[in-house]
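**Q** So the protein sequences, as listed, match chains A and B.
Numbering of the first sequence is given in our numbering, commencing with residue 1 and proceeding in unit increments.
Numbering of the second sequence is given in our numbering, commencing with residue 295 and proceeding in unit increments.
Take this structure, written in structure tokens, and hold onto it; I'll ask about it next.
Protein chains: 2
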Amino acid sequence: MIRKLAVIGVGLIGGSLARALRKAGAVEQIIGCGRGRENLEKAVELGVIDSYSHDIGEAVRGADMIFLAVPLGAMKEAFAAMKGKLAEDAVITDGGSCKGSVVEDARAVFGGVPARLVPGHPIAGTERNGVEASFAELYENRRVILTPLAETDAQALARVRAMWEACGAEVSTMSVAHHDEVLAATSHLPHMLAFGLVDTLARMKENDEIFRYAAGGFRDFTRIASSNPVMWRDICVANGPALSKMLGAFADEMNELAQIIAAGDGEHLLEVFSRAKAARDRYVDGLQPDQPSE
Amino acid sequence: MIRKLAVIGVGLIGGSLARALRKAGAVEQIIGCGRGRENLEKAVELGVIDSYSHDIGEAVRGADMIFLAVPLGAMKEAFAAMKGKLAEDAVITDGGSCKGSVVEDARAVFGGVPARLVPGHPIAGTERNGVEASFAELYENRRVILTPLAETDAQALARVRAMWEACGAEVSTMSVAHHDEVLAATSHLPHMLAFGLVDTLARMKENDEIFRYAAGGFRDFTRIASSNPVMWRDICVANGPALSKMLGAFADEMNELAQIIAAGDGEHLLEVFSRAKAARDRYVDGLQPDQPSE
Numbered sequence: 001m002i003r004k005l006a007v008i009g010v011g012l013i014g015g016s017l018a019r020a021l022r023k024a025g026a027v028e029q030i031i032g033c034g035r036g037r038e039n040l041e042k043a044v045e046l047g048v049i050d051s052y053s054h055d056i057g058e059a060v061r062g063a064d065m066i067f068l069a070v071p072l073g074a075m076k077e078a079f080a081a082m083k084g085k086l087a088e089d090a091v092i093t094d095g096g097s098c099k100g101s102v103v104e105d106a107r108a109v110f111g112g113v114p115a116r117l118v119p120g121h122p123i124a125g126t127e128r129n130g131v132e133a134s135f136a137e138l139y140e141n142r143r144v145i146l147t148p149l150a151e152t153d154a155q156a157l158a159r160v161r162a163m164w165e166a167c168g169a170e171v172s173t174m175s176v177a178h179h180d181e182v183l184a185a186t187s188h189l190p191h192m193l194a195f196g197l198v199d200t201l202a203r204m205k206e207n208d209e210i211f212r213y214a215a216g217g218f219r220d221f222t223r224i225a226s227s228n229p230v231m232w233r234d235i236c237v238a239n240g241p242a243l244s245k246m247l248g249a250f251a252d253e254m255n256e257l258a259q260i261i262a263a264g265d266g267e268h269l270l271e272v273f274s275r276a277k278a279a280r281d282r283y284v285d286g287l288q289p290d291q292p293s294e
Numbered sequence: 295m296i297r298k299l300a301v302i303g304v305g306l307i308g309g310s311l312a313r314a315l316r317k318a319g320a321v322e323q324i325i326g327c328g329r330g331r332e333n334l335e336k337a338v339e340l341g342v343i344d345s346y347s348h349d350i351g352e353a354v355r356g357a358d359m360i361f362l363a364v365p366l367g368a369m370k371e372a373f374a375a376m377k378g379k380l381a382e383d384a385v386i387t388d389g390g391s392c393k394g395s396v397v398e399d400a401r402a403v404f405g406g407v408p409a410r411l412v413p414g415h416p417i418a419g420t421e422r423n424g425v426e427a428s429f430a431e432l433y434e435n436r437r438v439i440l441t442p443l444a445e446t447d448a449q450a451l452a453r454v455r456a457m458w459e460a461c462g463a464e465v466s467t468m469s470v471a472h473h474d475e476v477l478a479a480t481s482h483l484p485h486m487l488a489f490g491l492v493d494t495l496a497r498m499k500e501n502d503e504i505f506r507y508a509a510g511g512f513r514d515f516t517r518i519a520s521s522n523p524v525m526w527r528d529i530c531v532a533n534g535p536a537l538s539k540m541l542g543a544f545a546d547e548m549n550e551l552a553q554i555i556a557a558g559d560g561e562h563l564l565e566v567f568s569r570a571k572a573a574r575d576r577y578v579d580g581l582q583p584d585q586p587s588e
């Protein structure tokens, strides 16, 4: 049981955690923290949080669990604001989609990674934002990745794991570096391709006409290009090394494919497309729809 | 009114045209042609066609409208099979998603592009195949592009246009080269990215794990990688010049993006992502779902 949960950033991700823990009877008191008064008052009105503060130091006072659901670019500032204000048994975790930068930010602020910081990432989300988009079932049967370090306290890890399991999520652990590689491949790279494709077409002459002839497959393919640009800027900066490496490798693959196509090598093309279709049909069709990766 | 329609290839595309014209009362008699007896018998049973033949020369006899819905790789053989068997008033059109190769194939077989050949491309489809997947409403409010040449007979063009309008489609015309560029951008390139991404991930070590952490956004993004590999091999070979050029340009863009990310240039990233989001929200959200481009 969590005595007092502080949710820093009460939007879709933070709000859904609060709702899920409340529904599971796994939390006594929830305080929200953020900049926008209107969103926080709405959160109280909806019963997602009990009270709120605009001050992080104030919000974490007496909290035994702190969940950071702020953009990656705001993590460092949030750590700095809670430094020296934490309860002795306070466990900190977060929902950022890159873990290396969060660990680095914590190290810079605290002069070392706190033993009671458990970096985490729920692989869940929708395209909507704000507390009104949050719902208690968001994490049910979704995967949550935790990336404990050598210095992470085993009990803190167990508490964060239990928190996510109370929300119905499936928790696994992996190293920070491995998480960032896996997410670069399955989420960050696809977002770059979608943003890049739409941008390429938007910059072409007669782009109005081009988009007019795009059909439904294009709509699905580019849906993730409608994601929040600020969030994605932060993710790219945070996961720069893994992502730029993967983008470069993908560009090489596309150049290779361009050569195969220019050479009219149908046999080679059939091999690539068949392998891709088999992998896609095998691995991806079992996934549930309407849950864009974060 | 079409007196006798010959549909060469009675699958989703050909079958839906037959159903739509029948529903509109715009055709008297429909003969289907294909290799698979079972599919053709099903088509008769469903009332999509009146009769069938496995022989193209036989099927086009007396037909005043011939619709070729065969893979691009089979167009040349189909033209050769109907050569010398065509009625005097026969108009030929097709549904291939690359027009340059169709025109080339016709020129090679007939020693020149027949005046009564009107190359066409309905921008519609679903992921399903076969006559049982066909339905009369497939082309309603969809775009059909016709690419007449200088030598195309005006009356033949008017008849093909009227045929598609009877199906509820919105018909426009453009040059063969322009069509192939537009489709390379909006359909062929996205398919290459989806096939390429899934193939890249499938070839990574621990690809099982990678796919396991892919969320719903990945599912949407890669849906088109489940398309028919043979059809896409044919399209790539047919539209090789336009597509390989566009792939090369996209690879350059991805390399540029990799450099921006590696340099941590957040301002530049925000500019690209915002421009892409604005274009996507503006142009693409109005499209109807579940209609992958062909």
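Every residue gets a Cβ at the ideal spot worked out from N, C-alpha and C, and that includes glycine.
Since the structure is predicted, the reported quantities are computational estimates derived from the model, not experimental observations.
1. Since residue 429 (chain B) meets chain A, which of its residues come closer than 7 Å, beta carbon to beta carbon?
2. Consult DSSP for residue 67 (chain A) and reduce its assignment to one of helix, strand or coil.
3. Helix, strand or coil, according to DSSP, for residue 413 (chain B) in the structure here?
4. Suppose only complete runs of 3+ residues qualify. What are the beta strand (DSSP E) ranges in the region 78 to 150 of chain A, listed by chain order?
5. Using a 10 Å radius around the Cβ and a threshold of 16 neighbouring Cβ atoms, would you call residue 141 (chain A) buried or exposed?
6. Quick one: list the residues of chain A neighbouring residue 307 (chain B), beta-carbon separation under 7 Å, in chain order.
7. For the region 484 to 501 of chain B, list every residue whose C-beta sits within 9 Å of some C-beta in chain A, in sequence order.
8. If residue 209 (chain A) sits next to residue 476 (chain B), beta carbons under 8 Å apart, how far is it from one beta carbon to the other, in whole angstroms?
9. At 8 Å on the CB atoms, spell out the chain B contacts of residue 46 (chain A), in chain order.
10. Mind reading off the beta-carbon distance from residue 63 (chain A) to residue 12 (chain A)? Whole number of angstroms is fine, and I expect it under 8 Å.
11. Which runs of the alpha helix (DSSP H), 4 residues or longer, sit entirely within the region 332 to 357 of chain B?
12. When burial is assigned at 16 or more other CB atoms within 10 Å of the CB, is residue 196 (chain A) buried or exposed?
13. Give me the Cα-Cα distance between residue 569 (chain B) and residue 228 (chain A), rounded to the nearest whole angstrom.
14. Rounding to the nearest angstrom, what Cα-Cα distance links residue 389 (chain B) and residue 493 (chain B) in this structure?
15. For residue 232 (chain A) and chain B, any beta-carbon pair shorter than 8 Å?
16. Would you grab the beta carbon distance between residue 91 (chain A) and residue 159 (chain A) for me? Rounded to a whole angstrom, and I think it's under 8 Å.
17. Would you call residue 349 (chain B) buried or exposed, if buried means 16 or more other Cβ atoms sit within 10 Å of its Cβ?
18. Determine the extent of the beta strand (DSSP E) in which residue 538 (chain B) is found, giving its start and end residues.
19. So, at 6 Å on beta carbons, what are the nonlocal neighbours of residue 551 (chain B) in its own chain, with the 5 sequence-adjacent residues on each side left out?
20. Between the beta-carbon of residue 415 (chain B) and the beta-carbon of residue 391 (chain B), is there less than 8 Å?
21. Would you kindly work out how many angstroms separate the C-alpha atoms of residue 117 (chain A) and residue 78 (chain A), rounded to a whole number?
22. Do residue 428 (chain B) and residue 309 (chain B) have their C-beta atoms within less than 8 Å of each other?
23. Considering Cα atoms alone, identify which of A:49, A:28, A:25 and A:27 is closest to residue 9 (chain A).
24. Would residue 145 (chain A) and residue 174 (chain A) be called neighbours here (beta carbons separated by less than 8 Å)?
25. Looking only at C-alpha atoms, which of A:266, A:46 and A:130 sits nearest to residue 34 (chain A)?
26. So that I know if they touch, is there some Cβ in chain B lying closer than 8 Å to that of residue 76 (chain A)?
27. So, is the C-beta of residue 129 (chain A) closer than 8 Å to a C-beta in chain B?
28. Should residue 267 (chain A) go down as buried or exposed, given a rule of 16 or more other Cβ atoms within 10 Å for buried?
29. Going straight from the alpha carbon of residue 41 (chain A) to that of residue 52 (chain A), what length do you get?
30. In this structure, does DSSP put residue 308 (chain B) in helix, strand or coil?
31. Can the beta-carbon of residue 57 (chain A) be found less than 8 Å from the beta-carbon of residue 81 (chain A)?
32. According to a CB-to-CB cut-off of less than 8 Å, which residues of the region 460 to 479 of chain B neighbour chain A?
33. For the region 82 to 99 of chain A, enumerate the residues whose C-beta is nearer than 8 Å to any C-beta of chain B, in chain order.
34. Measuring alpha carbon to alpha carbon, tell me which of A:271, A:30 and A:83 ends up nearest residue 111 (chain A).
35. So residue 113 (chain A) and residue 149 (chain A) are in contact, right, with Cβ under 8 Å, and what is the actual spacing, rounded?
36. Cα separation between residue 185 (chain A) and residue 104 (chain A)?
**A** If we stick to the structure as given:
1. Neighbours of residue 429 (chain B) on chain A: none; closest Cβ ~15 Å, over 7 Å.
2. strand
3. coil
4. 91 to 94, 120 to 122 and 143 to 146
5. exposed
6. Here the premise fails: no neighbours, minimum Cβ distance about 13 Å.
7. 484, 485, 486, 487, 488, 489, 490, 491, 492, 493, 494, 495, 496, 497, 498, 500 and 501
8. 7 Å
9. Simply none; closest approach about 25 Å.
10. With 8 Å as the limit, residue 63 (chain A) and residue 12 (chain A) do not qualify as a contact, their Cβ atoms being about 21 Å apart.
11. 350 to 353
12. buried
13. 11 Å
14. 28 Å
15. yes
16. 5 Å
17. exposed
18. Per DSSP, residue 538 (chain B) belongs to no beta strand (DSSP E); it is in the alpha helix (DSSP H), 534 to 556.
19. none
20. yes
21. 13 Å
22. yes
23. A:49
24. yes
25. A:130
26. no
27. no
28. exposed
29. 8 Å
30. helix
31. yes
32. 476, 477 and 479
33. none
34. A:83
35. 6 Å
36. 21 Å
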